[in-house]
Amino acid sequence: MSPRINRRQLLVGIVGAGGAVAGGLATSAVAEEHPAHPVAPPDAVSMLYDNTICTGCRACMTACSEANGLPPDTSSGLPFETTLASGLWDIPADLNSKTKNIIKLYRETNDTGFAFVKRQCMHCLDPACVTGCPFGALKKSQWGAVTWNSSLCIGCRYCEVACPFDVPKFEWDKWNPKIVKCEFCFDQRLKQSKEPACTEVCPTGAVIFGKRTDLLARAKQRIADAPDKYFENRVYGEYEAGGTQVLYLSNVPFEKIGLPKLGSTSLGHYATKVTSVIYKWLSGPILAAVVLGALIKRNWNRHEAESLEREKETGLEEQL
Amino acid sequence: MNRWKKLTELLSAANHHHTTTGTFDEDGATLVNHWQRGVPVYGEPVMTPTLLFFAALAAIGLILALVRFFSPLGPFVGMNDAYAWGIWKTFNVMTLTALGSGPLAVGMAAWVFNREKLHMVMRTALVSGFLFYATGLVALGFDVGRAWNFYWIALPWRWNTESAMLEICFCMPVYCAVFLLFENLPLVLERFYYTGSDATKAFLRVCAPPLRRIYPFMLIGAYVFPLMHQSSLGGLMLLAGNKVHPLWQTPCLPFLYLLAACLCGLGFVAFLLLTASLRYSRPLDLGILGELGNLLSWMCFVFLAVRFVDLIWRGQLHTAFAFDKMSLLFLCETALILVPAVALRSRVVRETPRSLLNMATLACLGGLLFRFIPTTIAFFPAHHASYFPSMPELLMTIGYISLGIAAFSIAVKYFAILPGDIKDWNYMFRLVRARRQAATSEGEKPWPASLSTP
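Line by line, the protein sequences are chains A and P.
Going from the first sequence to this note's numbering is simple: count from 1 and add 4.
Going from the second sequence to this note's numbering is simple: count from 1 and add 21.
Structure representation (C-alpha cells):
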C-alpha cells in the first residue's frame, strides 16, 4: 500500500488542478465559442420575407419540393377521399417530414384581416440544434446554411427539442428516418451559385435572397420609408435567439403568425456558458478527480486497516 | 396488515439489539452493527409467482423492443415532432437514473466523506444502480432512430464536445459498463469463491490483490463520471430555452439535477433496504438506516436551498406562488421534498422503519417529479401539440422496470447483497453444509438456490 497522502500533498494537488481550471478560464476568455450576441460573418446568406407583399400563391412551396425532391404531402388531416382530387394535391397543414417550406395563413378571429407567413429553417447565427447535435450531423456550413449529414445522425431528436422555432422534423414513418429541414438549398443550388428555389420562383418578391448585411439594410430602409406600416418597426430575426439569417417584416404581431417571442441571447451561449468553462481541457473533471482521489485514498487506507481488524475478530473475509 | 405486523416485530427486535448491546458510540466510529456483512437471501425458492409476474412483464417489454427495432418509430409511440422525446428518454433515462444514483450518493458518503456505517449498504446501492442504468441504456438504444450510426462514439474527433447529449452518450455507457460493473465484481467473485472448486478458489486468491489495488482508483471514476452525466441530463433541457416553463428553466438546472440524483439515490437505497428486508423478513439495522435518513434530510435541505436561491436570484418567486397550474405543480414537488427534510431531522422518525420508509418514498417522488416535469409537463413547444405515451411505449417502459425488479430479486438470492448479521451468515453456511452432504448423492447444486426453510 502506498503511503498516506498528507495535507501538503493534498494541497499541492488541489493547487495544481486549480491552475488547470484557471488556465482553462483564461483560454476560454480569449476565444469564446458561443458569444451571447453572435456577429454574422460577412458572407452569410439571407432571406428576407415581407408578408405585406406575399399573395399566398405558394409557388415557393412547389419549387421547394421540386428542388429538394420531396414527395407530395397529402397530410392535411382530412380523410383521403375528401381531400382535393383524392390526395393528388399538396396540402400540408404545417412543416413536416415532407414539407421543408410552407406558406400559412393567419386570420383575425372576427375576420377583419389576414396575413400570410412563410415558414422554413431560420438558419440561426448560433443554432441550438448545432450546439446540441452529439456528432455534428447538423452543422453550420459555408455561407451559414444549417445542413444535415445523414451518416453522422443517430436519430436522438435533440435538435427537435432544442430548436426554438420547431423546425427540424423527423420521419416517424420510416425505418431509416431522416431529419428533414430547410437547408437553404445548400447542396441543390447554393453550391452551383444559384439562389434557393423559393426566392427564385417568388413572383412578387415577397421573399428575396441576398447577403445578410444587404438584406438587413434593405429591410430597415423599408421600415424607414413607411413608418408604422410594420409591426414594432423592426426586423424579426435581427436579434432573436442571437440573430437568424432569415429575416421577417410583418404588419401583424410576430407571435400571431407563429414567430415566437425570444430573447436576444443565443441559446448556445446560455446552455454552454458554465459547462464550457468546467469542461475546458477537462479541467473540472480532473480537479474533481484529484480532490476525490486524495480523500478516497485517505479513507481507503483507514477502511483497509479496520477491515483487517474485523477479519481477525470474525474470522471471515471482509466484503468490498 | 400482516407484513406491517412482521415489520413491527422486526423493529422491536432491532431496537432491542440496538439498546442492549450499544453497538456504536456517539461519533458512529465503532463498526459493530447489527448489519455486519452482505448475506444472500436463503431458505426461499428463487422462482416465485411475483418473480414470474415481473419476468412476464419484462418479456413483453423486450419483445416489443425487438419488434420496434425492425419497425419505424411512428406506429409505436405517442411522440410527435413537437414532443420529440417520450418517456423512454424523459422517464427511463432522465428521471429513473436518479434512483440509480445510489452508488454515487451512498458511495461518496462512505468513501469520500467517511460515513463508515454506509459501507454496509453499498452492495444494495451498487446492484440497484447498475440495473437502473442498464435498463435505461436499453431504453435509450431502442429510442434513437438511427442507432447504427452510434459507432461514431469510438471516434473522438467526430465528437461535438459542447453537446450535453454527447457527454451523456459517452459517459453513461462507460460508467455502467466499466465502473459500475467493476464495483459489482467483488460480490460476484465472492460467490464463485464460496461455491467454486479448489482451483477456482486458488485462481481468485491470485486475482483478488490486484483488483483490490485498483479498486480505489476505479472509485474515482465511479464518482467523477456520474457527477458529469447526472448534471448533463439537466443540461439537456437548457438548450430548449423558453420552451421550458420559467420555474424549471434555469442555468442551475444541471446542478439541481445532480442534487436531485443524490437525493433520490439516498432515498431509494433506504426505500429498497426497507422493502427488501420486509419482503425477505430480514432484521433491520436502524443505526445504518437512520444514518441514511439523516443524510437524506440534509440533501433535501441543500436541494431546496439551491432551488429557492435560484428562484429569488432569477426573480421568479412570484411565479412559484401564483397558484396557477404550474405553480401548484412546483409547490407539490417542493412539499414532497420539504416534508421528509423536516421530518427526518427527528431521530425518532428516521429510526422508525415505517416513517423512514414513508419519508424516503416522498423524497424519491419529489426528486423524480423535479426531474420529469421540465422534460414533459412544463415543456411547451412553439406549436400546439400534446403528448401522451402510447400503449407500446408504456409497456416497454414497464418492461424495462420489471426487468430490473426481476433481476434484483434473483440477484439477492444468489449474491451476498442485502446486509445481515454475522450469525445469519454462519447459520446459512451450516445449512449449506448440511444440504450439500444430503445432496451430493443426488447431484443437486446446493448454495443457496435450492435451500428451503429448515
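Ideal placement from N, C-alpha and C gives every residue a C-beta, glycine not left out.
| query | result |
| --- | --- |
| Is the shortest distance between the beta-carbon of Glu47/P and the beta-carbons of chain A less than 8 Å? | With a pLDDT of 44 at Glu47/P, under the threshold of 50, the modelled position of this residue cannot be trusted; read the value that follows with caution. With 8 Å as the cut-off, Glu47/P does not count as an interface residue toward chain A. |
| Going along the chain, which residues of the region 234–248 of chain A sit with their C-beta nearer than 8 Å to a C-beta in chain P? | Ala245 |
| Against Tyr244/P, what residues of chain A qualify as contacts under a CB-to-CB distance less than 7 Å, listed in chain order? | Leu296 |
| Would you say Cys190/P faces chain A, with C-beta separation under 8 Å as the test? | yes |
| Chain P partners of Ile106/A, CB-CB under 9 Å? | Here the premise fails: no neighbours, minimum Cβ distance about 12 Å. |
| Between the C-alpha atoms of Val171/A and Pro93/P, what's the straight-line distance to the nearest angstrom? | 21 Å |
| What are the residues that DSSP puts in a beta bridge with Phe213/A? | Met51/A |
| With DSSP as the reference, label Cys128/A as helix, strand or coil. | strand |
| Which same chain residues end up closer than 6 Å to Pro275/P when comparing Cβ atoms and leaving out the 5 residues on each side of it in sequence? | Ser252, Gly255 and Gly256 |
| Apply the 10 Å Cβ neighbour rule to Arg161/A and answer buried if 16 or more other Cβ atoms are within range, or exposed otherwise. | buried |
| Determine whether the beta carbon atoms of Pro168/A and Ala97/A lie at a separation below 8 Å. | no |
| Quickly, what does DSSP pair Arg111/A with across the bridge? List them, please. | Phe118/A |
| Would you check if the distance between the CB atom of Ala291/P and the CB atom of Leu317/P is smaller than 8 Å? | yes |
| List the residues of chain P whose Cβ lies closer than 9 Å to the Cβ of Arg62/A, in chain order. | Result: empty, since nearest Cβ-Cβ is about 20 Å, beyond 9 Å. |
| Does the pairing of the region 140–156 of chain P with the region 183–202 of chain P give three or more beta-carbon distances under 8 Å? | yes |
| Under three-state DSSP, which class holds Glu47/P? | Bear in mind that a pLDDT of 44 at Glu47/P, under 50, signals an unreliable position, so the number given afterwards is only what the model happens to contain. Of the three classes helix, strand and coil, the one that applies to Glu47/P here is coil, per DSSP. |
| Does Arg392/P pass the burial test, meaning 16 or more other C-beta atoms within 10 Å, or should it be called exposed? | buried |
| Counting only runs that start and end within the region 160–186 of chain P, where is the alpha helix (DSSP H) found for 4 or more residues in a row? | none |
| Against Val165/A, what residues of chain P qualify as contacts under a CB-to-CB distance less than 7 Å, listed in chain order? | Ala105, Trp106 and Ala261 |
| Taking His55/P as the reference, which of Leu439/P, Ala362/P and Asp102/P has the closest Cα? | Leu439/P |
| For His307/A, return the contacting residues in chain P, with the cut-off set at a CB-CB distance below 9 Å. | Ala131, Trp132, Asn135, Glu137 and His140 |
| Exposed or buried, what is Phe163/P when buried is set at 16 or more other beta-carbons lying within 10 Å of its beta-carbon? | buried |
| Can you pull the chain P residues whose beta carbon is under 8 Å from the beta carbon of Asp98/A, in chain order? | His404 |
| Out of Ala48/A, Leu320/A, Glu175/A and Gly297/A, state which residue places its alpha-carbon closest to the alpha-carbon of Met129/P. | Gly297/A |
| With Val250/A as the anchor, note down where its beta strand (DSSP E) starts and where it stops. | Val250 to Leu253 |
| Cα separation between Gly60/A and Pro410/P? | 37 Å |
| Residues bridged to Pro440/P by DSSP? | Gly59/P |
| For Tyr274/A, would you say it is in contact with chain P, using Cβ-to-Cβ distances shorter than 8 Å as the test? | yes |
| Nearest CA to the CA of Pro264/A: which residue from Leu286/A, Tyr240/A, Ala275/A and Thr208/A? | Tyr240/A |
| Scan the region 224–245 of chain P for residues whose Cβ lies nearer than 7 Å to a Cβ of chain A and list them as they occur along the chain. | Tyr236, Pro237, Leu240, Ile241, Tyr244 and Val245 |
| Would you check if the distance between the CB atom of Ala166/A and the CB atom of Gly136/A is smaller than 8 Å? | yes |
| Would a C-beta distance cut-off of 8 Å place Leu284/P and Gly388/P closer than the cut-off? | yes |
| Pull out every residue of the region 114–139 of chain A whose Cβ sits closer than 7 Å to any Cβ of chain P, in chain order. | Ala132, Thr135, Gly136, Cys137, Pro138 and Phe139 |
| When we look at the beta-carbon of Ile235/P and count the other beta-carbons within 10 Å, is it buried (16 or more) or exposed? | exposed |
| If you run the structure through DSSP and keep just helix, strand and coil, what is Leu305/P? | coil |
| So for Trp152/A, helix, strand or coil by DSSP? | strand |
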